[in-house]
């Protein structure tokens, strides 16, 4: 879902760069209070994993493919602040080294695939302290929802940038984009459940390090 | 580094590299959902002046001089994964150190 170079107008990409920049700065400040000894290695491997997983395009419908976004996954496993830092690293490497996603569109892509899904992942995160059907259901539905939300945002950004043809109305564009991304979203939801289940099972102490270390009853941000 | 963190890193990186280096070779080459939508709407051509990315040997997730085969993809995938790993570890250590310093200052 990376927006390529040349599709966003300067006011649109400028605004989104400012918003994502502010989110990243806030995340960095919050992160200084969240990084215990076990967290940094987990962040590193989750970044490497999301980069890898994004390379694996799976076929959906005829002549279309999709890949994992991963921002939601990171928000659940690391919390929104650390999640935003990690997904930003992935998107920066993709834009600057792999020419995937426009350089000026970085802020927009960080917003769509990072800020929004990581914040929503943070909402589901606490459910995973006691994994069960509630956690699975919320994660599956949330994974699908963030992909649909992202697809909708991208179409709006393109429309505000004048990058949709005049003969195409917004409802039609949203219909095409969202119907494709419904399928991608279902895969995102399912993969997120599987990966979170695996990582929480294998590395619970690292995932909930700050929370487990806190005195009883106190839940740090 | 303690055994717990070493295991996190080794197992995690091995999984990531297997996906980036091997599994990704079998990925679908069809356009993604956004590209497909832009094609269908007839808006696949850029209309604004963008910012050009710096020249890179890894365009299209392939090491340029190894071409389209397995190894071009594998080297690009492994390099990209390790690059992200390094960037995140560096950022994480930096932020962790800042937090420690602030905590010491508050305690003093």
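Protein chains in written order, with the numbering used here: chain A, 2 to 222; chain B, 31 to 138.
The beta-carbon is built from N, C-alpha and C at its ideal position, and this holds for glycine as well.
Spatial distance of residue i from residue j (CA atoms)
i, j, result
"residue 222/A", "residue 83/A", "Legend: pLDDT at residue 222/A = 49, less than 50; position of this residue unreliable, no value from coordinates given."
"residue 112/B", "residue 11/A", "33 Å"
"residue 101/A", "residue 135/B", "42 Å"
"residue 128/B", "residue 33/A", "6 Å"
"residue 70/B", "residue 159/A", "14 Å"
"residue 176/A", "residue 51/B", "35 Å"
"residue 191/A", "residue 143/A", "10 Å"
"residue 93/B", "residue 85/B", "13 Å"
"residue 98/B", "residue 63/B", "23 Å"
"residue 15/A", "residue 61/A", "33 Å"
"residue 34/B", "residue 46/A", "14 Å"
"residue 66/B", "residue 69/A", "16 Å"
"residue 111/A", "residue 114/B", "15 Å"
"residue 149/A", "residue 195/A", "20 Å"
"residue 88/B", "residue 93/A", "14 Å"
"residue 85/A", "residue 113/A", "11 Å"
"residue 7/A", "residue 78/B", "4 Å"
"residue 167/A", "residue 132/A", "49 Å"
"residue 118/B", "residue 13/A", "28 Å"
"residue 41/A", "residue 169/A", "46 Å"
"residue 203/A", "residue 43/A", "11 Å"
"residue 189/A", "residue 61/B", "17 Å"
"residue 107/A", "residue 83/B", "11 Å"
"residue 125/A", "residue 117/A", "13 Å"
"residue 54/B", "residue 25/A", "29 Å"
"residue 66/A", "residue 57/A", "10 Å"
Rounded Cβ spacing between residue i and residue j (contact assumed at less than 8 Å)
i, j, result
"residue 212/A", "residue 39/A", "At roughly 12 Å, the Cβ-Cβ gap does not stay under 8 Å, so residue 212/A and residue 39/A are not in contact."
"residue 199/A", "residue 147/A", "Actually they are not in contact, since the Cβ atoms of residue 199/A and residue 147/A sit about 20 Å apart, beyond 8 Å."
Any C-beta of chain B under 7 Å from that of residue i
i, result
"residue 193/A", "no"
"residue 105/A", "yes"
"residue 1/A", "Because chain A in this structure spans residues 2 to 222, residue 1/A falls outside the shown range and cannot be described."
"residue 114/A", "no"
"residue 2/A", "yes"
"residue 91/A", "yes"
"residue 126/A", "no"
"residue 7/A", "yes"
"residue 119/A", "no"
"residue 135/A", "no"
"residue 174/A", "yes"
"residue 188/A", "no"
"residue 82/A", "no"
"residue 169/A", "yes"
Listed by chain order, chain A residues near residue i by CB distance under 7 Å
i, result
"residue 100/B", "The contacting residues do not exist; residue 100/B stays about 13 Å from chain A at best."
"residue 132/B", "33"
Short CB-CB distance (under 7 Å) between residue i and chain A
i, result
"residue 136/B", "no"
"residue 52/B", "no"
"residue 115/B", "yes"
"residue 69/B", "no"
"residue 128/B", "yes"
"residue 80/B", "yes"
"residue 94/B", "no"
"residue 74/B", "no"
"residue 57/B", "yes"
"residue 110/B", "yes"
Chain-ordered chain A contacts of residue i [CB-CB under 8 Å]
i, result
"residue 39/B", "42, 45 and 46"
"residue 107/B", "53 and 56"
"residue 46/B", "46, 49, 50, 52 and 53"
"residue 42/B", "42, 43, 45, 46, 47, 49 and 50"
Residue i CB to nearest heavy atom of the ligand MN below 6 Å
i, result
"residue 165/A", "For the ligand MN, the structure offers nothing, since it holds no ligand at all."
Cross-chain neighbours of residue i in chain B, by beta carbon under 9 Å
i, result
"residue 97/A", "83, 84 and 86"
"residue 162/A", "77 and 78"
"residue 185/A", "62 and 63"
"residue 166/A", "71, 72 and 73"
"residue 21/A", "Here the premise fails: no neighbours, minimum Cβ distance about 15 Å."
"residue 205/A", "Neighbours of residue 205/A on chain B: none; closest Cβ ~11 Å, over 9 Å."
Contacts that residue i makes with chain B (C-beta to C-beta distance below 8 Å)
i, result
"residue 181/A", "63, 66 and 67"
"residue 198/A", "The premise fails here: residue 198/A is roughly 14 Å from chain B at the closest Cβ pair, so nothing lies under 8 Å."
"residue 65/A", "60, 61, 62, 63 and 66"
"residue 155/A", "64"
Contacts that residue i makes with chain A (C-beta to C-beta distance below 9 Å)
i, result
"residue 33/B", "The premise fails here: residue 33/B is roughly 11 Å from chain A at the closest Cβ pair, so nothing lies under 9 Å."
Neighbouring residues, chain B, relative to residue i (Cβ below 7 Å)
i, result
"residue 36/A", "122, 125, 126 and 129"
"residue 29/A", "125"
"residue 87/A", "118"
"residue 131/A", "Correct list: empty, because the minimum Cβ distance to chain B is about 22 Å."
"residue 94/A", "110, 113, 114 and 117"
Contact with chain C by residue i, beta-carbon distance below 7 Å
i, result
"residue 208/A", "The chain labelled as chain C is not found among the protein chains of the depicted structure, namely A and B."
* Asked: Along the chain, which unbroken stretches of the alpha helix (DSSP H) at least 4 residues long are found entirely within the region 52-117 of chain A?
  -> 72-79, 81-98 and 107-111
* **Completely contained alpha helix (DSSP H) runs for the region 143-220 of chain A, where each covers 4 or more residues** => 171-208 and 210-214
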